[in-house]
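Below: one structure, written as structure tokens.
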Amino acid sequence: MHKVYHHVHNIAGNVINIRAEGVRYRELAEVTSRNGSSLAQVIRLKDDEVSLQVFAGSRGVATDAQVRFLGHAMQVPFSEALLGRIFTGAANPRDNGPVLTDNLIDIGGPSVNPAKRIIPTNMVRTGIPMIDVFNTLVESQKLPIFARAGEPYNALLARIALQAEVDVIVLGGMGLKHDDYLYFRDTLEESGALSRTCMFVHTASDPIVECLLVPDISLAVAEQFALEGKRVLVLLTDMTSFADAMKEIAITMEQIPSNRGYPGDLYSQLASRYEKAVDFEGSGSITILAATTMPGDDVTHPVPDNTGYITEGQFYLRNGRIEPFGSLSRLKQQVNGDTRADHRSIMNTLIQLYAGYRETLEKQSMGFRMSDWDDKLLKYGDRFEKEMMDLSVNIPLEQALDLGWTILADCFEPMETGIQSNLVENFWPKTEVGDQKSEVGGDAPATEDDAPEPELETAEA
Numbered sequence: 005m006h007k008v009y010h011h012v013h014n015i016a017g018n019v020i021n022i023r024a025e026g027v028r029y030r031e032l033a034e035v036t037s038r039n040g041s042s043l044a045q046v047i048r049l050k051d052d053e054v055s056l057q058v059f060a061g062s063r064g065v066a067t068d069a070q071v072r073f074l075g076h077a078m079q080v081p082f083s084e085a086l087l088g089r090i091f092t093g094a095a096n097p098r099d100n101g102p103v104l105t106d107n108l109i110d111i112g113g114p115s116v117n118p119a120k121r122i123i124p125t126n127m128v129r130t131g132i133p134m135i136d137v138f139n140t141l142v143e144s145q146k147l148p149i150f151a152r153a154g155e156p157y158n159a160l161l162a163r164i165a166l167q168a169e170v171d172v173i174v175l176g177g178m179g180l181k182h183d184d185y186l187y188f189r190d191t192l193e194e195s196g197a198l199s200r201t202c203m204f205v206h207t208a209s210d211p212i213v214e215c216l217l218v219p220d221i222s223l224a225v226a227e228q229f230a231l232e233g234k235r236v237l238v239l240l241t242d243m244t245s246f247a248d249a250m251k252e253i254a255i256t257m258e259q260i261p262s263n264r265g266y267p268g269d270l271y272s273q274l275a276s277r278y279e280k281a282v283d284f285e286g287s288g289s290i291t292i293l294a295a296t297t298m299p300g301d302d303v304t305h306p307v308p309d310n311t312g313y314i315t316e317g318q319f320y321l322r323n324g325r326i327e328p329f330g331s332l333s334r335l336k337q338q339v340n341g342d343t344r345a346d347h348r349s350i351m352n353t354l355i356q357l358y359a360g361y362r363e364t365l366e367k368q369s370m371g372f373r374m375s376d377w378d379d380k381l382l383k384y385g386d387r388f389e390k391e392m393m394d395l396s397v398n399i400p401l402e403q404a405l406d407l408g409w410t411i412l413a414d415c416f417e418p419m420e421t422g423i424q425s426n427l428v429e430n431f432w433p434k435t436e437v438g439d440q441k442s443e444v445g446g447d448a449p450a451t452e453d454d455a456p457e458p459e460l461e462t463a464e465a
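The sequence shown: position 49 = 53 (my numbering), numbered continuously.
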């Protein structure tokens, strides 16, 4: 029988304080007031003073409210029945489906022991050339997508959810606008991808405490699927909203603020979530992609700045495209040597020439005269942006590599690219029959068959 406390001695925002004994950190409690009941979670312990965060908010909670501790931390049901379902940030059904109560698992557990981790060796194909070719996503990797507000990062995550070659998608939304929530739901449902997806969504109108639960619930469910041998991709958006929720709670609890008002343990809080990415030996894996908005497009903002020290690279989303300069997948070398023989060479060459295109644009804007080489770079850069960088491009890796060769062949001669001759011989697009160019460009060598026929002598009339 759990003891019931009848006196709340302080209420600040969504946080209430009582005096209690035998309570554990992150333990759940049920708060009953005249307006009904709501769950709350222990967020601070100081001697016998206990601070609880009320999930539904403290509006209507009076000092005579009843508080009953449940003796366990936040739990979420786990089964295959989660797939195809949509839940709130507190794991309650948002899709009007049945409530799941079987096989409850704790959330917010420790990360996997580093000694139990294995080196990742498998690629996660997304069908997006700027990821598959240039910054390959690897199983068990943790990568943020840095973008300013207004960039289509949610559309990018939805594309990845549709096309990623994984077994299960777990989508965690934090502070989503209702339109964004409907976009995810409708896009996944219309494409048939909802059947392999589990969604935990906190909207901007939901209680702020639920925003803090979304990553922990999403990752706890993902971990259970991975232990069953599934390849799981966790998509989180937006981690800046998660950090802002922590900031709001910290201010309510009168914690000493750190940089720009964020709590001093911001790094630890982010790291404890990202470190859940893992490849279990003999079992499944968890891969994390998390959208992180940068207020004012400032990468030194505390959230993206701390994130960069935790993750294994990052994607920069600018002007509706994944920016090749600055974007990095630190684990891509683990897999791109096993995809196709030309992968690394074509990747490096395409980016090197695109850098030349950017320099040529600067010269052009300053009024410099364009050389023949500059004209080639301008032609190449325009095609590269339209045919490979555009996020609407949806092609498998092998086709993207072939497209890269095609663009090079249309803009340059083989010797201008600097690619190894053996790769040029194997992958440079062959010329059509009847074209007087050789396979590697230039005029074809003359043969006896090419010699002009002698003119026939005719008798004079």
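Where a beta carbon is used, it is the ideal one built from N, C-alpha and C, also for glycine. Model, not experiment: these values are computed from the prediction.
For residue 273 and residue 529, believed in contact at Cβ under 8 Å, the rounded distance: Beyond the ends of the chain as shown, which are 5 and 465, falls residue 529; an answer cannot be given.
Residue 27 - DSSP class collapsed to helix/strand/coil: coil
Using only CA atoms, which one of 299, 220, 428 and 378 lies nearest to residue 363? 378
How big is the Cα-Cα spacing for residue 304 and residue 135? 24 Å
Out of curiosity, what's the CA-to-CA distance linking residue 411 and residue 358? 12 Å
Sort 342, 285 and 365 by Cα distance to residue 118 and report the nearest one. 285
Between the segment 142-158 and the segment 326-341, can you find at least three pairs of beta-carbon atoms closer than 8 Å? yes
Residue 91 bridges to which residues according to DSSP? 97 and 204
Does the segment 338-352 come close enough to the segment 390-406 to have 3 or more Cβ pairs within less than 8 Å? yes
Helix, strand or coil for residue 413? Go by DSSP, reduced to three states. helix
Length-filtered (3 minimum) beta strand (DSSP E) runs lying within the segment 311-396: 317-322 and 325-333
Any idea if residue 50 is buried or exposed, counting beta-carbon neighbours within 10 angstroms, 16 or more meaning buried? exposed
In terms of DSSP beta bridges, what is residue 256 paired with? None; residue 256 has no bridge partner.
Does residue 31 pass the burial test, meaning 16 or more other C-beta atoms within 10 Å, or should it be called exposed? buried
Taking only three categories from DSSP, how would you classify residue 105? coil
Using beta-carbon positions only, say whether residue 45 and residue 78 come within less than 8 Å of one another. yes
According to DSSP, simplified to helix, strand and coil, what is residue 11? coil
What residues are listed by DSSP as bridge partners for residue 34? 43 and 72
State buried or exposed for residue 158, treating a residue as buried only when at least 16 other CB atoms are found within 10 Å of its CB. buried
Buried or exposed: which applies to residue 316, given that a residue is buried once 16 or more other Cβ atoms fall within 10 Å of its Cβ? buried
So, residue 71 versus residue 35, is the Cβ gap smaller than 8 Å? yes
Could you give the distance in angstroms between the alpha-carbon of residue 86 and the alpha-carbon of residue 399? 30 Å
Around the C-beta of residue 149, are 16 or more other C-beta atoms found within 10 angstroms, so that it is buried, or is it exposed? buried
Can you list, in chain order, the stretches of the beta strand (DSSP E) that have 3 or more residues and sit fully within the segment 148-193? 172-180
Residue 232 to residue 288 span [Cα, whole Å]: 7 Å
Residue ranges of each alpha helix (DSSP H) within the segment 228-287, 4 or longer: 243-256 and 270-278
By how many angstroms is the C-alpha of residue 396 removed from the C-alpha of residue 457? With a pLDDT of only 49 at residue 457, under 50, the local geometry of the prediction cannot be trusted, and the value read off the model is given with reservation. Each residue's alpha carbon lies about 54 Å from the other.
In this structure, does DSSP put residue 294 in helix, strand or coil? strand
Exposed or buried, which one is residue 451 when buried takes at least 16 other CB atoms within 10 Å? Because residue 451 carries a pLDDT of 46, less than 50, the predicted location of this residue cannot be relied on, and the following value inherits that uncertainty. When all chains shown are included, residue 451 counts as exposed.
Buried versus exposed, by CB contacts within 10 Å (16 or more), residue 243: buried
If I follow the unbroken beta strand (DSSP E) through residue 143, where does it start and stop? First-last for residue 143: undefined, no H or E at that position.
Per DSSP, cross-strand counterpart(s) of residue 56: 20 and 46
The segment 180-189 contacting the segment 369-377, beta-carbon criterion three pairs below 8 Å: no
What first and last residue would you give for the beta strand (DSSP E) that runs through residue 80? 79-81
Rounded to the nearest angstrom, what separates residue 6 and residue 107 at their Cα positions? 22 Å
Taking buried to mean at least 16 other C-beta atoms within 10 Å of its own C-beta, is residue 310 buried or exposed? buried
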